[in-house]
Amino acid sequence: MTAEAPLPPQYDPTGLESALYEEWERRGIFRPGSDDPEHSPTGAPGRPYVIMMPPPNVTAQLHMGHGLNNSIQDVLVRFERMRGRDALWLPGTDHAGIATQNVVEKLVAREGKTRFDLGRDAFVRRVWSYVGETGDAILQQLRAIGSSCDWERSYFTLDDDLSVAVREVFVSLFEKGLVYRGKYIINWCPRCLTALSNEEAEKEETEGKLWHLRYPLEDGGHITVATTRPETILGDTAIAVHPEDPRYAGQVRHYAVLPLVGRRIPIVADEAVDPAFGSGAVKVTPAHDPTDFEIGRRHHLEQLDVMTPDARMNDNVPERFRGLDRFEARKRVLAEFEALGLLEKVESHRHGVGHCYRCDTVIEPRLSDQWFVKMKPLAEPALAAYRDGRIRFIPEHRGVEYAQWMEGIRDWCISRQLWWGHRIPVWYCDAPGCGKTIASRTDLAACPACRGPLRQDEDVLDTWFSSQLVPFSSLGWPEQTADLARFYPGDTLVTAPEILFFWVARMIMAGLEFMKQVPFATVYLHGTVRDTQHRKMSKSLGNGIDPLDVVRLYGADALRYTVVSGLSVGNDLILDPGDLEASFAPGRNFANKLWNVGRFILSNLDGPVRPLAGEYKNVIRKGELTLADRWIISRCEQTVREATAAYERFRLNDAALAVHRFLWSDLADWYLEVIKPRLYGDQTGGDVARAVVTQTFEVALRLLHPVMPFITETLWRRLPGRSVEESISVAPWPGSDRRAGDPEAERQFAALQELVGALRSIRAEYGVRPGHTVRATIALPGPLTRAVIQAERATVRSLAKVSSLQVLDRHADHAETTANAVLPDGTAVSVPLGDLVDLEKECARLQSEADRLSGAIRGQESKLGNEQFVAKAPTDVVVREREKLAAWREQAGVLAEKRRRLGCAV
RNA sequence: GGGCGAAUAGCUCAGCGGUUCAGAGCGCCUGCCUUACACGCAGGAUGUCGGGGGUUCGAAUCCCUCUUCGCCCACCA
Numbered sequence: 074m075t076a077e078a079p080l081p082p083q084y085d086p087t088g089l090e091s092a093l094y095e096e097w098e099r100r101g102i103f104r105p106g107s108d109d110p111e112h113s114p115t116g117a118p119g120r121p122y123v124i125m126m127p128p129p130n131v132t133a134q135l136h137m138g139h140g141l142n143n144s145i146q147d148v149l150v151r152f153e154r155m156r157g158r159d160a161l162w163l164p165g166t167d168h169a170g171i172a173t174q175n176v177v178e179k180l181v182a183r184e185g186k187t188r189f190d191l192g193r194d195a196f197v198r199r200v201w202s203y204v205g206e207t208g209d210a211i212l213q214q215l216r217a218i219g220s221s222c223d224w225e226r227s228y229f230t231l232d233d234d235l236s237v238a239v240r241e242v243f244v245s246l247f248e249k250g251l252v253y254r255g256k257y258i259i260n261w262c263p264r265c266l267t268a269l270s271n272e273e274a275e276k277e278e279t280e281g282k283l284w285h286l287r288y289p290l291e292d293g294g295h296i297t298v299a300t301t302r303p304e305t306i307l308g309d310t311a312i313a314v315h316p317e318d319p320r321y322a323g324q325v326r327h328y329a330v331l332p333l334v335g336r337r338i339p340i341v342a343d344e345a346v347d348p349a350f351g352s353g354a355v356k357v358t359p360a361h362d363p364t365d366f367e368i369g370r371r372h373h374l375e376q377l378d379v380m381t382p383d384a385r386m387n388d389n390v391p392e393r394f395r396g397l398d399r400f401e402a403r404k405r406v407l408a409e410f411e412a413l414g415l416l417e418k419v420e421s422h423r424h425g426v427g428h429c430y431r432c433d434t435v436i437e438p439r440l441s442d443q444w445f446v447k448m449k450p451l452a453e454p455a456l457a458a459y460r461d462g463r464i465r466f467i468p469e470h471r472g473v474e475y476a477q478w479m480e481g482i483r484d485w486c487i488s489r490q491l492w493w494g495h496r497i498p499v500w501y502c503d504a505p506g507c508g509k510t511i512a513s514r515t516d517l518a519a520c521p522a523c524r525g526p527l528r529q530d531e532d533v534l535d536t537w538f539s540s541q542l543v544p545f546s547s548l549g550w551p552e553q554t555a556d557l558a559r560f561y562p563g564d565t566l567v568t569a570p571e572i573l574f575f576w577v578a579r580m581i582m583a584g585l586e587f588m589k590q591v592p593f594a595t596v597y598l599h600g601t602v603r604d605t606q607h608r609k610m611s612k613s614l615g616n617g618i619d620p621l622d623v624v625r626l627y628g629a630d631a632l633r634y635t636v637v638s639g640l641s642v643g644n645d646l647i648l649d650p651g652d653l654e655a656s657f658a659p660g661r662n663f664a665n666k667l668w669n670v671g672r673f674i675l676s677n678l679d680g681p682v683r684p685l686a687g688e689y690k691n692v693i694r695k696g697e698l699t700l701a702d703r704w705i706i707s708r709c710e711q712t713v714r715e716a717t718a719a720y721e722r723f724r725l726n727d728a729a730l731a732v733h734r735f736l737w738s739d740l741a742d743w744y745l746e747v748i749k750p751r752l753y754g755d756q757t758g759g760d761v762a763r764a765v766v767t768q769t770f771e772v773a774l775r776l777l778h779p780v781m782p783f784i785t786e787t788l789w790r791r792l793p794g795r796s797v798e799e800s801i802s803v804a805p806w807p808g809s810d811r812r813a814g815d816p817e818a819e820r821q822f823a824a825l826q827e828l829v830g831a832l833r834s835i836r837a838e839y840g841v842r843p844g845h846t847v848r849a850t851i852a853l854p855g856p857l858t859r860a861v862i863q864a865e866r867a868t869v870r871s872l873a874k875v876s877s878l879q880v881l882d883r884h885a886d887h888a889e890t891t892a893n894a895v896l897p898d899g900t901a902v903s904v905p906l907g908d909l910v911d912l913e914k915e916c917a918r919l920q921s922e923a924d925r926l927s928g929a930i931r932g933q934e935s936k937l938g939n940e941q942f943v944a945k946a947p948t949d950v951v952v953r954e955r956e957k958l959a960a961w962r963e964q965a966g967v968l969a970e971k972r973r974r975l976g977c978a979v
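Numbering (the numbering used here), first residue to last: 74 to 979.
See the structure below:
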């Protein structure tokens, strides 16, 4: 589209947005740096402003969660970029170990194979090729919503340089003794066949059962234990009771016989047992439960693993149970207990059951060799950074969660039994007499100690181990690059609360450990996108919204405005996947409105346009401004202040709504209507109106640009004095100008709106045909109304379609029947409408008005009659309340007189 | 079991340093294709601000309590 082409009446973002985006990208507008003069009018680069994008999974398709998350980031980055900061929004993708491996395993499964059929190398090659095909698709999709990232710095967490960082961190932690290997109970996903961290095992409240089961005692009688997982009975190696529980005091150190198995198991005393729960006696399965594991260690119990990696019973159980799935085994065990008369009772029992965060399979606590990070030493500085304010959260209360988590932090299991990811840089020497374990920054071929052959650890690292390093690894660390020096630490991190612990907390710890500085100062946690039933949008529920559909239908600006204006700090975003039109109407409507405001203004700048150089003061000084001009300039100034403050405080919805109100309610609904006669006529006033409307509109476009980048850029470039060579993206942020504020103009214009509104109401009430003009009488005008009529008589006439406007200093006498209104300042407005007016109806209308008013007056009188109020309330409040009462009385008096004159029954 | 939010028009939400605070958008009703926009214009209706107590001259706004939703953490099997 050329600058000269006329704009179509309906905004059509198709084509326009993508063309503009390509141009921005081509011109390097999203890249920080002083080499491009466009970025830095002064020649010097601004202070950096850095946001690290939460890297989407490399296989991800854009969903509304991304749409929300990235819209917010883009608003912030664009805002700071316009404020002169050297802005870097750094994108990337995450290799997403489990998620990606699962996707490719499914593809392989379609060929009837498993990853084991392919073998490790071939499988990993397969994943790389898949990632090569589909990877980065999401980054392309992010462009469609206008994300102003620096794509040239984009990274992938498995890139060579980021892998170097991962190794450096692992080995460095290993050397510090903060990474260790050990055999512990970890969360195991029997479907993904890997260990998970505590965070990756999502607890779900489940209505389960608690089975009370009897174990015969060697000495006769029995002891009852309660369990939620009867299948683990087969791995029991003890029973535990509380040391001070009198019920079992005599049984400690005696033995029970494990039913179904016949194993002789000791009864031990341990503090971990809660005597108040169940029977007070616990079955102990050290290989299948973390608490039991600890008990087992204290009492040197055998750790009997009874399950295979995919959660079937293994050869350590009696033959009839072998090969059974854990839940089948559970049924079988219970049936046998029941048959033996050893099932005492069954209770229903709510408890938390862990589920794999990737495939939702029930987690099985499993004893295995894994790598861990010792977290306490890392958590302490991270907690301190929050406590002393180096890190702040929005909303604030999220910080409490962060602190609680940090305080109760547990060691982090980082090894995964996967093939897709950073292989653990540890080598084992199996040579007899050597047996070294070596963590190395470089690949090793032979044992440095004995020159014997080495074997690398088979496992890979948790995905989050690499993504926690992104704030510095993406900038080249451990190399001391220029980017690292310039862009670390960053400023703001924007993400969903779900990954506060997965990612945010760990970035803070890693940043402090390796860079000695927090990676960002502010963590903005936004809500979740949900449907109208408040369910989280998800692929499986089929209640998702594809942001690209929205972009196609209504444009990225509409999407962004809807999302941003609908955001309230700390709350979720509710959208209706069944009705995109309704969901995105606010954005679509506003985009179209804005488009037409622009069209109107531009079309009225035809012909000689007064040069617009300079600020308002140039025009203001001329003394040519009308009341309406002063008013809109004052409103504009107010909007600059409000929007700027709102953006600064992350109140993006307030910022968007402030500009919306200015553009739609003030500029379009009032100011444009007011100046139409001036624009169409050829008075000198037309020039001033053109200047004022152009300047205020231009300011509003800049204020709105962070939220609606495309449409604002398109319109902005067409304004006088601008050109397609420029970009609003790097235009300076509007400054506040105190001289533009004009409270008197705002008060007077409000009176004008009151007067016009009253006349319009009367017209609507009596069904005056829209094209028809009426005569109006303004009697006993209050000071504001008087000033308005003096200043904007023609405006009142045109807006209310009044042919003659008579002003009287006394009550009007009309030959004709009139419709009436009394304004807040006591002005009596009457419109002679002859037969249109039903006198009875008019009297009733005025009566209800009078009733409302007298009610308010009574309330006000009792308030002011209350000595306590007058004595205790602040003086200015009392004064204001008195003035209010006086005005209402005045209004009521005029109203009463009006009714008397109309001959209304009292 | 701990900790933390939220309950305001039909819907989604503002308003919460106390006294023009009862608002916005969407939806709804009436009338209008008024030469920027019907994705619009003008005019309307709608809420005992979750229930109950309390503090105060005055409370959606502060305190207590109850109810209902939601979130985070937690080795009661």
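Glycine included, every Cβ here is placed at the ideal spot set by N, Cα and C.
Only a predicted model underlies this, so the values are computations on that prediction, with no experimental measurement involved.
Assuming residue i and residue j form a contact by the criterion Cβ under 8 Å, report the distance between their Cβ atoms to the nearest whole angstrom.
i	j	result
G600	L632	With a Cβ gap of about 17 Å, G600 and L632 do not count as contacting.
V533	G170	6 Å
Quick one: give me the first and last residue of the alpha helix (DSSP H) that residue i is part of.
i	result
P750	745-753
Q214	210-217
P782	782-789
I835	816-838
N616	From DSSP, N616 is part of no alpha helix (DSSP H); its letter is neither H nor E.
P659	653-676
T510	Careful: T510 lies outside any alpha helix (DSSP H), inside the beta strand (DSSP E) at 510-512.
A578	578-588
A518	Here A518 belongs to no alpha helix (DSSP H), and DSSP marks it neither H nor E.
Nearest to residue i by CA position, among the options, is which residue?
i	options	result
G549	D232, D209, L878	D232
D604	L614, V596, G907	L614
R1021	K449, F400, K936	Summary: the structure shown does not reach residue 1021, with the chain confined to residues 74 through 979, and so no result is reported for it.
R193	L141, V237, R370, Q490	Q490
E922	T787, T173, V244, W961	W961
A701	V314, G617, T717, A741	A741
F673	G660, R763, T717, G628	R763
P129	R188, R120, A195, V204	V204
R99	D223, D209, K179, H136	D223
R661	V623, D908, R302	V623
Look at the Cβ atom of residue i, then the Cβ atom of residue j, and state whether they are nearer than 9 Å.
i	j	result
A804	C709	no
E304	F410	no
P86	A664	yes
W500	C520	yes
A217	L621	yes
A360	L440	yes
H428	K609	no
P779	L149	yes
A824	V861	yes
N175	R496	no
Along the beta strand (DSSP E) that carries residue i, what are the first and last residues, could you check?
i	result
H295	295-300
R848	847-852
R337	337-342
Task: Whole runs of the beta strand (DSSP E) within the region 424-496, excluding any shorter than 3 residues - done: 437-446, 465-467
Task: Segments assigned beta strand (DSSP E), at least 3 residues, entirely inside the region 867-953 - done: 875-881, 891-895, 901-905
Task: Entirely enclosed beta strand (DSSP E) segments - the region 138-193, minimum 3 residues - done: 159-163
Open item on the list: At 4 residues or longer, what runs of the alpha helix (DSSP H) sit wholly inside the region 386-415?
Closed with: 399-412
TODO: Tell me the start and end of each unbroken alpha helix (DSSP H) in the region 229-301 that is at least 4 residues and wholly inside, in chain order.
DONE: 233-248
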